[in-house]
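Undergrad:
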Amino acid sequence: MVPPEEFQLIRKWLSGFDRGPGVVLGIGDDAAVLRPPPGRDLAMTVDSLVAGTHFPVSAPAADVGHRALAVNLSDLAAMGATPLWGLLALTLPHADEPWVAEFAAGFRALAERHAMALVGGNLSRGALMATVQVTGQLPQGRWLGRDGARPGDVLLVSGWPGEAAAGLALWDAPPSTARDGLVRRYLRPEPRIALGQAALGVASAAIDISDGLLADLGHLATASGCGVEIELSCLPLSAPLQAMRGPSQARRDALYGGDDYELLLACPAAAQAALEAAAEAHAVPLTRIGRFCEAPGVRLLGEDAEALDPGAGFRHF
């Protein structure tokens, strides 16, 4: 039997933003009833964030709420999809209403920014964990995948990779403007929904950076059946990242760190200008860092390249 406090918490904090296109029946029944947009395909993804593994136990609840949704929306961005609906399952050690209220505020603010309806929720007792499933829409028969890169395509990355990893590494460091900005990049990644939508039909392949730039790029190259070369001198390293970590560690953070939820995009050289213009229109930095080639694998080019491991990255187990 579901404890009465679960119903109260769901009703108070996790309901009320279940209205949106295609929502026939939202929160309150045994299941949501949804109507897909005519002539559109659906993209679905799910992810779990476990306290102590995917975020520090001491992380503010509002930031955990934002992050739990953002990492899922980033998957939709990598597919070129537009968010529609979400489901949320929270596991809590005890019925902590203030924590749930703050979590819901962070989650809801991001959901509303992307016009996503929360159509179902569940609360259970256990170790602190948030599982989110999101559904997005795509033009029928069109999506960005990992398998479309071809030799000769250029490789671009959005944003400033490495900042999130540095933020986590500096979690216990003394506060400063640079340190606090990096920590915020870890806690509140920005899913590149608009860039993903603009890349649909222009880019040949895409993936978001969760496990690390090199690790995720390796997945894309393998799926595409080709290799890729990265010019280390082209990596976009932000001033705060270099100031707090030093140039050498900043580069390692960018290559291996993960948690950036930026987009890696492959496109024909002739389409690079169109992608750069789209990124500029949405105020998203976009940098060319390499090129795809026939020979399989990920190769690093430039000074100290031999000292770096192209296969390193986050390991789930």
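To convert a position in the sequence shown, counted from 1, into this note's numbering, add 2. The beta-carbon is built from N, C-alpha and C at its ideal position, and this holds for glycine as well.
#1: Check the DSSP bridge columns for L44 and list the partner residues they point to.
#2: Please check the pair A167 and A107, which I expect to be a contact at CB under 8 Å, by giving their CB distance rounded to whole angstroms.
#3: With a CB to CB cut of under 7 Å and the five nearest residues on each side skipped, what residues in its chain are close to G315?
#4: Specify whether the stretch 64–75 and the stretch 163–179 touch according to this definition: at least 3 beta carbon pairs, one from each stretch, less than 8 Å apart.
#5: Name the DSSP beta bridge partners of R134, please?
#6: Quick one: what's got a C-beta closer than 6 Å to G128's C-beta in the same chain, skipping five residues either side?
#7: How many whole angstroms separate the CB atoms of G138 and L89, which I take to be in contact at a CB cut-off of 8 Å?
#8: Closest to A72 by CA distance: which of R187, L266, T289, Q10 is it?
#9: Do L265 and A208 have their CB atoms nearer than 8 Å?
#10: Under DSSP, the alpha helix (DSSP H) around S250 begins and ends at which residues?
#11: Compare the beta carbon distance of A271 and V156 with 8 Å and say whether it is the shorter of the two.
#12: Which residue marks the beginning of the alpha helix (DSSP H) containing I195, and which one marks its end?
#13: Would you tell me roughly how many angstroms separate the C-alpha atoms of D32 and D20, rounded to the nearest one?
#14: Roughly how many angstroms separate the alpha carbons of H116 and V159, rounded to a whole number?
#15: Give the secondary structure of F57 by DSSP, where H, G and I count as helix, E and B as strand, and everything else as coil.
#16: Residues in the same chain with beta-carbon distance under 8 Å from E104, minus the five sequence neighbours each way, listed in chain order, please.
#17: Taking the beta strand (DSSP E) that R301 belongs to, which residues open and close that run?
TA: Quick look at the numbers:
#1: As a position in the sequence shown, residue 44 is number 42, starting the count at 1. Per DSSP, the beta bridge partners of L44 are Q139.
#2: For this step, residue 167 is matched to residue 165 along the sequence shown. For this step, residue 107 is matched to residue 105 along the sequence shown. At roughly 26 Å, the Cβ-Cβ gap does not stay under 8 Å, so A167 and A107 are not in contact.
#3: Here residue 315 refers to the residue found at position 313 of the sequence shown. Any answer about G315 is weak, because its pLDDT of 49 lies below 50 and its placement is not dependable; what the coordinates show is given next. If we look at G315 and ignore the five residues flanking it on each side, its Cβ neighbours are D213, G214, L216, A217, Y258, G260.
#4: No, the stretch 64–75 does not touch the stretch 163–179.
#5: Residue 134 sits at position 132 when you count from the first residue of the sequence shown. Per the sequence presented here, residue 134 reads as Val, with Arg not at that position. Looking at the DSSP assignment, V134 forms a beta bridge with D49, L90.
#6: Here residue 128 corresponds to residue number 126 of the sequence shown, with the count starting at 1. Excluding the 5 residues flanking it on each side, G128 has same chain C-beta neighbours closer than 6 Å at T93, in chain order.
#7: Taking the first residue of the sequence shown as position 1, residue 138 is located at position 136. Taking the first residue of the sequence shown as position 1, residue 89 is located at position 87. Contact flag wrong, Cβ pair sits at about 13 Å.
#8: Position 70 of the sequence shown, counted from the start, is the residue given in the question as residue 72. That would be R187, whose Cα lies nearest to the Cα of A72.
#9: Reading the sequence shown from its first residue, position 263 is the one you call residue 265. Reading the sequence shown from its first residue, position 206 is the one you call residue 208. Contact: yes.
#10: In the sequence shown, the residue the question calls residue 250 occupies position 248. Looking at the DSSP string, the run of the alpha helix (DSSP H) that includes S250 is 241–258.
#11: For this step, residue 271 is matched to residue 269 along the sequence shown. For this step, residue 156 is matched to residue 154 along the sequence shown. In this structure, V156 lies closer than 8 Å to A271 by Cβ.
#12: Position 193 of the sequence shown, counted from the first residue, corresponds to residue 195. From DSSP, the alpha helix (DSSP H) with I195 extends over 195–201.
#13: As a first step, residue 32 must be located in the sequence shown, where it is residue number 30. As a first step, residue 20 must be located in the sequence shown, where it is residue number 18. Rounded to the nearest whole angstrom, the C-alpha separation of D32 and D20 is 14 Å.
#14: Locating residue 116 in the sequence shown gives position 114, counting from the first residue. Locating residue 159 in the sequence shown gives position 157, counting from the first residue. One alpha carbon belongs to H116, the other to V159, and they sit about 22 Å apart.
#15: Locating residue 57 in the sequence shown gives position 55, where the first residue counts as 1. F57: strand per DSSP, three-state reduction.
#16: One-based indexing of the sequence shown puts residue 104 at position 102. Spatial neighbours of E104 in its own chain (CB-CB distance under 8 Å, excluding positions within 5 residues in sequence) are listed in chain order as P62, A63, A64, G67.
#17: Along the sequence shown, one-based indexing puts residue 301 at 299. Per DSSP, the continuous beta strand (DSSP E) segment holding R301 begins and ends at 299–303.
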